[in-house]
Amino acid sequence: MQWNEKIDLLKKTHDAKAFSTSLMDRKNILREIETKFIARPAQYYTGQESRVRFSDWWSYIKSPAVRSLSTSASLLLEKILKPQESYWIACEFSTSIKLYKAEVKALTDLIAIGQTWTNTYHIVQPKYKYLIALMILKNKVDLKLVEAPKEILHKIDAIVSK
21 MQWNEKIDLL
31 KKTHDAKAFS
41 TSLMDRKNIL
51 REIETKFIAR
61 PAQYYTGQES
71 RVRFSDWWSY
81 IKSPAVRSLS
91 TSASLLLEKI
101 LKPQESYWIA
111 CEFSTSIKLY
121 KAEVKALTDL
131 IAIGQTWTNT
141 YHIVQPKYKY
151 LIALMILKNK
161 VDLKLVEAPK
171 EILHKIDAIV
181 SK
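The structure is reproduced here in structure tokens:
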């Protein structure tokens with residue numbers, strides 16, 4: 021199933037409040053996320069990389085707290101995020117970043133059916149207060165957190181210590 025078909029499936033199973041693909045200001049939202057949480061490599065500005073879109077956010081997250089968990093991404097997100105709130109989810113592909121706005125159930129459904137080539141997702145609080153980046157591996161989830169509230173860090177540490 022192609023990525024667009026997966027997105028269409030999600031739009032059929034979630035209402036527009038729970039999962040939105042029509043972000044009017046996509047470019048500025050992505051730019052704001054990059055400015056606050058991502059450090060572009062120096063060669064981006066000086067070399068060939070400046071002619072292509074920058075999409076390797078995972079490698080350039082600013083000052084992250086790093087965790088590795090033996091749990092599913094869905095279970096993790098359901099435990100640490102507020103279920104009725106909406107979040108930006110930036111899905112990292114090898115050459116682009118796709119952006120959506122979603123509540124937790126739609127986020128977990130997207131991650132469950134929508135594996136990207138890098139299996140990397142960036143969840144951002146809509147007022148750009150914090151970023152939770154997930155890299156989904158075979159038996160674990162690697163996390164990078166920037167400016168995450170203590171409440172979220174405590175929930176993650178509780179999962180790690182189990």
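Residue numbers (my numbering): 21 to 182.
From the three backbone atoms N, C-alpha and C, an ideal C-beta is built for every residue, glycine too.
All values reported here derive from a predicted model rather than from experimental measurement.
Contacting residues, own chain, Cβ-Cβ under 6 Å from E171 (five flanking each side not counted): Within the sequence shown, the letter at position 151 stands for residue 171. Nothing listed; no residue qualifies.
Beta-carbon gap between R136 and L97 smaller than 7 Å: Here the question's residue 136 lines up with position 116 in the sequence shown. Here the question's residue 97 lines up with position 77 in the sequence shown. The sequence as given places Thr at residue 136; Arg does not occur at that position. No, they are not a contact pair.
Alpha-carbon to alpha-carbon, D45 and T115: Within the sequence shown, residue 115 is the residue found at index 95, counting from 1. Within the sequence shown, residue 45 is the residue found at index 25, counting from 1. Straight-line Cα distance between these residues: approximately 20 Å.
Quick check on V72: buried or exposed, where buried means 16 or more other Cβ atoms within 10 Å of its Cβ? Within the sequence shown, residue 72 is the residue found at index 52, counting from 1. Unreliable positioning characterises V72 in this predicted model, as indicated by a pLDDT of 49, which lies under 50. The coordinate reading is nonetheless provided below. The residue in question, V72, is exposed, as its Cβ has fewer than 16 Cβ neighbours within 10 Å.
With DSSP as the reference, please indicate the residues paired to A153 in a beta bridge. Mapped onto the sequence shown, residue 153 falls at position 133. According to DSSP, which records beta bridges pairwise, A153 is partnered with H142 and K164.
Rounding to the nearest angstrom, what Cα-Cα distance links L29 and F39 in this structure? The count along the sequence shown starts at 1 and reaches residue 29 at position 9. The count along the sequence shown starts at 1 and reaches residue 39 at position 19. Cα to Cα, the separation comes out at about 11 Å.
One or two residues paired with V86 in a DSSP bridge: Taking the sequence shown and counting its residues from 1, one reaches residue 86 at position 66. Note: V86 sits in a beta bridge opposite K164.
Could you tell me which residues DSSP pairs with I172 in its beta bridges? Translated into the one-based positions of the sequence shown, residue 172 becomes position 152. According to DSSP, which records beta bridges pairwise, I172 is partnered with nothing at all.
Nonlocal neighbours in the same chain, by C-beta distance under 7 Å from I58, ignoring five residues either side: Against the sequence shown, residue 58 aligns to sequence position 38. The residues are W77, Y80, I81 and K82.
Where do the ends of the beta strand (DSSP E) carrying Y122 lie? The residue you call residue 122 lines up with position 102 of the sequence shown. First, the residue type needs correcting, since residue 122 is Ala and not Tyr in the sequence shown. I117 to E123 is the span of the beta strand (DSSP E), which, as asked, contains A122.
Exposed or buried, K164, counting other C-beta atoms within 10 Å across all chains shown (16 or more means buried)? Against the sequence shown, residue 164 aligns to sequence position 144. With 16 or more other Cβ atoms within 10 Å, it is buried.
With three or more C-beta pairs closer than 8 Å as the rule, is the region 49 to 56 touching the region 86 to 106? Segments in contact, no.
So, is E105 buried or exposed, given that buried needs 16 or more other C-beta atoms within 10 angstroms? In the sequence shown, residue 105 corresponds to position 85, counting from 1. It is exposed - the Cβ of E105 has fewer than 16 other Cβ atoms within 10 Å.
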